[in-house]
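What follows is a single structure, written as C-alpha cells, with notes after it.
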Amino acid sequence: MEIGFLGLGIMGKAMSMNLLKHGFKVTVWNRTLSKCDELVEHGASIAETPSAVINKCRFTIGMLSDPVAALSVSEGKGYIDMSTVDAETSSKISEAITSKGGVFLESPVSGSKKPAEDGQLVILAAGDKALYEEIIPAFDVLGKKSFYLGHVGNGAKMKLVVNMIMGSMMNAFSEGLELAGKSELDPSTLLDVLSLGAIANPMFAGKGPAMLQSNYSPAFPLKHQQKDMRLALALGDENSVSMPIAAASNEAFKKARGMGLGDLDFSAVFEAVKSRKH
Ligand code: NAP
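Take the sequence shown: its position 226, counting from 1, is numbered 225 in numbering that gives the first Met the number 0, and each next residue is one higher.
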C-alpha cells in the first residue's frame, strides 16, 4: 500500500517512520524539506510539493500544526487529516476535497510522541466510511485502537474535548506540585502518593519527575496545547457550555507562551504557575 505523508513534525516523523518499518511505501513532504532526509534514509520517497504527493499516492495523510497549516495543503483523492483542528476547519477541508472529486476522513489522534513511535495512538476518525475501511491497515500500524465517529466534525470535537480535559488536568497538577513545595512538603513524595490513588494516570507519572527537574523537552508543544484549549473554548461558546476551569487553564497556557515557552512541552505551564505572585 502506498501512502503520502504531509508534515514531518514530532508526530508526523514518528508516524511515517512506523509506516515505513511495517512495509508501506511512503512518499513524504514537509514545508522545511530538510526534515525529509531521515525518512529518505529509511526508504521514503520525497516530493517537493503537497500536490506532487497527492498526485502520486491514492491515500495521503496530513499531520500539520494548526488549522491554517492543515487548510493550506489539502487537496484531492483520498485525504486523511490527522492534525488537531476544529470541526469548521475540518468541514472546509472536506468541502475542498470532495468538490474536486476526492474523499475525506478526519482522524485526529490521542497520544503523544512516544505512543506515535510505538504505534499506540488512539485514532478518532470521522467522515467517509469507505475510506476509513480502506485505510484501516495503516491505522492498525499507527494506533492501538481506532474509533469511527460518524460525520465530519465528530472526530475533531472528540479530540478537542479530550485535550481540554488534559490541559485542565495539567494545570491542576502544576498547582498541586507548587502547593506541595510551598507547604514544605516534598513534591516527589506527592508523586508517589498520587501514583497509588484513584487519580493515578500515565500523564502525572510520565511528566511529573521531569517537571520537578524543570525538564520540558517537547513531546507535545505547549503552543499546540494552547491552540487546542482555544478551539475547545470556541466549541464551548458555540454550545453555550460554561467552562471556567478550561478558561483559566487557557490563560495559564497563554501566559506560558508569553514567557517564551511555546516550543517546550506543554508541562512547562508549571513555570507559569510558579511565576505567580503568591
Ligand atoms: P510540530 O512538531 O510543531 O510539527 C508541525 C508540522 O506542521 C511541521 O511539519 C511543520 O512544518 C508543519 N507546518 C506548520 N505550519 C505550516 C504551514 N503554514 N504550512 C505547511 N506546514 C506547516 O507539531 P506536532 O507535535 O507534530 O503536531 C502536529 C499536529 O498533531 C498538531 O495539530 C497537534 O496539535 C497534533 N497532535 C500533537 C500531539 C503531540 O503530542 N505532539 C499529539 C496529538 C496531536 P515545518 O517543519 O516546516 O515547520
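Glycine is no exception: its CB is placed at the ideal position from the N, C-alpha and C atoms. This structure is a prediction, so every number in the text was calculated from the model and none was measured.
Whether residue i touches residue j by CB criterion (8 Å)
{"i": "R256", "j": "L221", "result": "yes"}
{"i": "V102", "j": "G118", "result": "no"}
{"i": "F203", "j": "D264", "result": "no"}
{"i": "F146", "j": "L123", "result": "yes"}
{"i": "N162", "j": "D262", "result": "no"}
{"i": "T31", "j": "P66", "result": "no"}
{"i": "E105", "j": "A129", "result": "no"}
{"i": "K253", "j": "Q225", "result": "yes"}
{"i": "L7", "j": "V39", "result": "no"}
{"i": "C56", "j": "I2", "result": "yes"}
{"i": "M0", "j": "A115", "result": "no"}
{"i": "K158", "j": "T97", "result": "no"}
{"i": "G61", "j": "L5", "result": "yes"}
{"i": "V151", "j": "S90", "result": "yes"}
{"i": "A86", "j": "A155", "result": "yes"}
{"i": "M10", "j": "H41", "result": "no"}
Nearest-angstrom Cα separation, counted from residue j out to residue i
{"i": "P186", "j": "G180", "result": "6 Å"}
{"i": "A267", "j": "N153", "result": "30 Å"}
{"i": "K24", "j": "L18", "result": "8 Å"}
{"i": "A247", "j": "G149", "result": "32 Å"}
{"i": "G110", "j": "L184", "result": "31 Å"}
{"i": "E47", "j": "S182", "result": "56 Å"}
{"i": "P201", "j": "P217", "result": "16 Å"}
{"i": "N170", "j": "L230", "result": "17 Å"}
{"i": "L193", "j": "M165", "result": "16 Å"}
{"i": "G259", "j": "R275", "result": "16 Å"}
{"i": "A278", "j": "L234", "result": "The first residue shown for the chain is 0 and the last is 277, placing residue 278 beyond what the model contains."}
{"i": "A209", "j": "A199", "result": "17 Å"}
{"i": "P49", "j": "I135", "result": "23 Å"}
{"i": "Q212", "j": "N249", "result": "24 Å"}
{"i": "F58", "j": "N29", "result": "16 Å"}
{"i": "A137", "j": "K113", "result": "18 Å"}
{"i": "A51", "j": "K144", "result": "31 Å"}
{"i": "K20", "j": "N214", "result": "30 Å"}
{"i": "S33", "j": "K12", "result": "12 Å"}
Which residues DSSP lists as bridging residue i, in chain order
{"i": "K144", "result": "V121"}
{"i": "P186", "result": "According to DSSP, which records beta bridges pairwise, P186 is partnered with nothing at all."}
{"i": "V102", "result": "G77"}
{"i": "S109", "result": "V121"}
{"i": "S44", "result": "T26"}
Same chain only: Cβ atoms within 7 Å of residue i, ignoring 5 sequence neighbours per side
{"i": "I244", "result": "S167"}
{"i": "I92", "result": "A69, L70, S73, D80 and F103"}
{"i": "S282", "result": "Nothing can be reported for residue 282: it is not among the residues displayed for the chain, which extend from 0 to 277."}
{"i": "L189", "result": "G175, L176 and A179"}
Which of helix, strand or coil DSSP assigns to residue i
{"i": "E133", "result": "helix"}
{"i": "G61", "result": "strand"}
{"i": "I198", "result": "coil"}
{"i": "K24", "result": "strand"}
{"i": "L211", "result": "helix"}
{"i": "P66", "result": "helix"}
{"i": "D236", "result": "helix"}
{"i": "F279", "result": "Shown here, the chain extends from 0 to 277; a query on residue 279 therefore has no answer."}
{"i": "L193", "result": "helix"}
{"i": "V272", "result": "helix"}
{"i": "V151", "result": "coil"}
{"i": "S241", "result": "coil"}
{"i": "S93", "result": "helix"}
{"i": "D127", "result": "coil"}
{"i": "G3", "result": "strand"}
{"i": "D264", "result": "strand"}
{"i": "D139", "result": "helix"}
{"i": "C35", "result": "helix"}
{"i": "V52", "result": "helix"}
{"i": "M10", "result": "helix"}
{"i": "G259", "result": "coil"}
{"i": "T83", "result": "coil"}
beta-carbon residue i near ligand 2 non-hydrogen atom, thresh 7 Å
{"i": "D117", "result": "Among the ligands present in this structure, namely ligand 1, ligand 2 is not found."}
Spatial neighbours of residue i in its chain, beta-carbon cut-off 8 Å, leaving aside the 5 residues before and after
{"i": "G196", "result": "none"}
Proximal residues to residue i (C-beta, below 6 Å), its chain only, five neighbours per side dropped
{"i": "E133", "result": "none"}
Closer than 8 Å to chain C by CB, residue i
{"i": "R229", "result": "Among the chains of the structure shown, chain C does not appear; only one protein chain is present."}
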